[in-house]
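Everything below concerns the one structure shown next.
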Amino acid sequence: MISHSTLPNGSHFAVLANHTLSFDGGVFSTVIRPGHTLCLDQINHESNVAAFDDIWCTGGQGWSLVGIQGNIETIYYISWDGSTASHGPYLLKLTGIDSRDNQAKSTIISCVMPLMTFVTRSESLSRFATGVESQKRTSSLPFTSSYSLPTFLQTEQGGNYFPEDYFSKLSCSEILRESIISTARNEGGIDNVLVSALGSISNNYRSLEDRAKPYRSNALVMSHEQKSKRLLQHCSSWTQLDDTLANRGIVHGQVVSMIIRVGSYTQALTLRTNVVTNPLTTPFDQVLSWLCQRRDYYTAASVALSLLDDVEAVYELRGISKEGNGERVSHQGLLDSITPLTAGASDNAMHMKTLTSLADMTVGCLIKGGVSMASTLEGFLTRNKLYDSSRASLMLVGTIALVMSSESSPGALSGRMENMNIVELLSKAESPCETTIWPIKCLLKMALARNCLSSALLMLNATIPNELRWRSPQVRDLAAAQRPSLGLFLAVVDTILESTPEAARSFLNLVDEDSGLTYWSSIGDDTRLALSLFSVHGKHVMIQQPEVRFWILERLKKGLESPTHQTFDDSYLPDEWLREIVIGAFCNAECDICLGLEAMQKTKVEREVCFEDDYECYREDMICVQDLLIPHKDSGGLDFDILIPSLLLLSLRGRHWREGSSICTQILLNTVCDLAGRKASCTPRFFFDGRTVMRQCALTGNVQATSFLIGGRNGLIIECADLLIAKIGLSIKDAEIALFGGSLAELKELKMRCDYEHDLDKSGHAWSPTSSHRHILWLIEHHVLNVRNYGEFDSPSSQGKATPVTAGRICFRAWYCLTGTNDSKAAAKWLEIWLRDRLDLQDGISPKRLSCAALVRVLLWADEECSVLDLNDGEDDQVLGAMVSLDVRFMAELSHACIGLMVSIPPSLQSDILSGLGDSNTSAIFSFEVEGHHNVLPFNGIEELQSGNRDN
């Protein structure tokens, strides 16, 4: 509607109002929206506007063309779309023509049919010219179809996923085919778009034998950029956003809408094709495509997220607080011009199809935005349930391949790799920037949200197999290329393993298409060394996997059993790698030793030792360490098969198990071996191969580790034998005779020979216990003086311990061997004082009666394997107490302290006593000579010794 008026000063103006048809309550009416009015002033008297008919107007949906005829013919173009109350519509002055020109006597306004270069697209879009066909338009738009499993991927009762002839129609290797079938079984199916995309980048050989055939062309080895292009071609949601000639024609194509001729002057008015084909509103795919072609991914993503009503993602993308309300206002006008998503909502399936297409394009816009939008993309992929996971995987994997194509080479570091071990390389590897890793993180976030980790890893394995394996591309007849960056390999694998605890197993299940081998078998030894050290959230997850653990054990076994194991120091089994493996095993068991608490625990033990200042040995340190090695109940326990051989090698090389630790390697090894022989406090993850580990301890000659690994009586014998071997140079065979294999007479003879050979009988100073003596004292107190119940006398290996009688005999025999002949009386006196103090023995009375009974059995009775003791035969060396030179009065007090206890006599005599037989013999058995007096201590409970002077 146009109105014309003249002001008092003679000026003229015209007011234009655009009426919009409205349908409300069943009644059609017209309304003038805010901003849809325009005042054309400056129509002065000189314009010679004689009448209202001198102004003409025409137009279409959202635009108008106004001509004012006077001396100068003026034509204005007005766009009502985007009008606001404050600024009004857009106004453009087209031309001014002198109407006094005789040739400019008429104006012809002609509407013509749309003309456009892309006729096919024009014909397709012409079907959507009217708003009443919106439902049909929604169903025919070139959106990505919603996700659905193909019929041949549906699980049937027979469990068959694929028809027999399916892969014959697909360009796909046999190895990739098996991987696809395995993935389909794991996930209950796989989308055919992924299968087709994988086939497009496959190596195309049908079997493993085909790899060596000459017809395999080098052209089949595609670059990352080529793979990216092929993968993305299978996703229409991505291709619609690309800046291609076809997409530019759709968005930027022009259609001649009007020809204006004023006399000899002719002009043509063209409009964009999407305005002509969609006169009311514009489909969202065209808006998003137009924005992406302009590289305005930020606005494109904002619009797409606003259409999906994902307020949280919009706020995160815009960097504003969730309490703000300006976001909706800033996009309100733009969203009004987009075809409402509610069009066709009556058909729920079609509506969901539209929403899925919009969500897929949203993913594409966020991916094109790069690392700056990665955080928003991760959140969207986690929350949104509309996008198609298969198409999202394609877009992300295609982006990953494109990013890898621009990744720089390793540089100068690769030239020095041969002179470094793997741990040094890992410490010097440079981590790639976030621009390289972000699409992998987003892919894994999506895979976890949609439970499609297997298919996501399958796509990665097919696209970047060399980056996943830190190997150079193997192409026949071509020069060897450089390996990918070590930092890139570490970052990619670390991102995968950190995604979920199940990722390690899925990752190792990948099959290499080139070799047909599983992941662990398809990588080199240096890559395996690096992978075995991966730590994820404090856990070394790789050494918990069976194939990785088996490889580690075989490597350790070879390093220990090789006669030249010292040569494996730097290349085969680096010290740093062994340290990391040990720490990893402790971390997996969630032990406190991983927290570096050994210094605190060590200080506590040292303080307690200083208070007593009585005796000390490495057993005290072992108790300290043992408290730090308690595994968590749900951790699977300590992996002794890995820990013991690793510590054996470190101990053999004289290396610390961890730099800066106050615990020496041998002490830690002893403690681990001691725990290995005990009952596990939690259910172990792997069964302990004790025979193999025992053999490894023997091969390295580590007697201490062997003794604690065996435990019980035999372990105690070996432990004491180690002291004899180290102190007086006995052979292992002689040590066995001295400790348990020979009689007391043989022991005495062996001792005399040893003293002669090593001059141990020389004594020129006051005697004091050596470290070996102190170790024996610790064993005596632990095994003999700490007896708490009668059952310990009968259990040959109760909780890994020897009986107090057996342990006592072994320890006192070792004490006898370690003490020189000339020092025997002084040593015996010192030992007696120590025993009295530990037993609190006074006048034949002690609160530790069971301990006294054990000492009586050890010192006053012959071994159960020997004949019955007879003290009247004149031989003083038939009892161990006499050989050690202990005072008989002290031994008599020991007997009195345990009077009435059946465990104080050998089991062979207990039945006779209980049956009441052999009473006279019983008195003889308990007869002792104290200071020349013959005293009898029967089982009648006499409280005091029948002796003379007690002070002597």
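Quick note: the sequence shown uses my numbering, first residue 12, plus one each step.
Where is the CB? At the ideal position from N, CA and C, for every residue including glycine.
If ALA687 and LEU720 are in contact, beta carbons under 8 Å, what's the gap, nearest whole angstrom?
-> 6 Å
Where ASP834 falls: helix, strand or coil (DSSP) = helix
Hey, PRO100 and ILE89 are a contact pair by Cβ (cut 8 Å); roughly how many whole angstroms apart?
-> 5 Å
Take the Cβ of ILE43 as the centre, count every other Cβ of all protein chains shown within 10 Å, and call the residue buried at 16 or more, exposed below.
-> exposed
Exposure of ILE331, with buried meaning 16 or more beta-carbon neighbours within 10 Å | exposed
Classify THR292 as helix, strand or coil using the three-state DSSP reduction.
-> coil
Please list, in chain order, all residues of the same chain as CYS765 whose beta carbon is under 6 Å from its beta carbon, the five residues on each side excluded.
-> ILE739
What is the residue span of the alpha helix (DSSP H) that SER383 lies within?
-> First-last for SER383: undefined, no H or E at that position.
Buried versus exposed, by CB contacts within 10 Å (16 or more), ARG566 = buried
For ASP848, which three-state DSSP category applies?
-> helix
Cβ neighbours of LEU453 in the same chain (closer than 7 Å, five flanking residues each side left out) = According to the sequence displayed, residue 453 carries Cys and not Leu. Only ALA385, LEU388, GLU389, LEU392, LEU407 meet the Cβ criterion.
Closest residue to TYR398 among GLU418, LEU366, SER416 (Cα-Cα distance) | LEU366
Environment of ALA908 [buried if 16+ CB atoms lie within 10 Å] | buried
Quick one: grab the DSSP three-state call for ARG402.
-> helix
Is it the case that the Cβ atoms of MET372 and GLN251 are separated by a distance below 8 Å?
-> yes
In chain order, which continuous runs of the alpha helix (DSSP H) of length 4 or greater are located wholly inside the segment 527-563?
-> 536-542
Please name the residue in SER193, GLY607, LEU788 whose C-alpha comes closest to that of ALA839.
-> LEU788
May I ask which residues mark the beginning and end of the alpha helix (DSSP H) holding GLY210?
-> 203-211
Runs of alpha helix (DSSP H) lying entirely within the segment 448-519, each at least 4 residues, in chain order | 464-474, 476-480, 497-510, 514-519
So CYS628 is in the beta strand (DSSP E); what residue range does that whole segment cover?
-> Here CYS628 belongs to no beta strand (DSSP E), and DSSP marks it neither H nor E.
Considering only C-alpha positions, which residue in the set GLN304, GLY498, ARG824, CYS863 is nearest to ALA903?
-> CYS863
Just the C-alpha distance for GLY647 and ARG560, rounded to the nearest angstrom, thanks.
-> 14 Å
Cα-Cα separation, VAL434 to LEU750 = 46 Å
Go ahead and label TYR308 buried or exposed: buried means 16 or more other beta carbons lie within 10 angstroms of its beta carbon, across all protein chains shown.
-> buried
DSSP-derived helix/strand/coil call for THR781 = coil
Which stretch, first to last residue, makes up the alpha helix (DSSP H) that contains LEU589?
-> 586-599
How about LEU76 and LEU282: do their beta carbons lie closer than 8 Å?
-> no
Report yes if the C-beta distance between LEU455 and ALA440 is below 8 Å; otherwise report no.
-> no
What residue does the alpha helix (DSSP H) around PHE39 start on, and which one ends it?
-> Here PHE39 belongs to no alpha helix (DSSP H); instead the beta strand (DSSP E) covers 38-42.
Among residues of its own chain, excluding the 5 on either side of GLU601, which ones have a beta-carbon nearer than 7 Å to its beta-carbon?
-> PRO642, HIS643, SER646
Does the Cβ of CYS444 have 16 or more other Cβ atoms within 10 Å, making it buried, or fewer, making it exposed?
-> exposed
Within its chain, find whatever has a CB closer than 7 Å to the CB of LEU880; leave out the 5 residues flanking it on each side and keep chain order.
-> Only weak support is given to the placement of LEU880: the predicted model assigns it a pLDDT of 44, under 50, and the value that follows is read from those uncertain coordinates. Closer than 7 Å at the Cβ level, and outside the excluded window around LEU880, lie TRP872, ALA873, GLN889, VAL890.
Roughly how far, in whole angstroms, is the beta-carbon of ILE448 from the beta-carbon of ALA502, given that I think they are within contact range, below 8 Å?
-> 5 Å
Is the CB-CB distance between GLY498 and SER442 below 8 Å?
-> yes
contact_flag[the segment 583-602, the segment 722-742] where n(CB pairs < 8 Å) is 3 or more = no
Would you kindly check if the distance between the Cβ of THR506 and the Cβ of ALA412 is under 8 Å?
-> no
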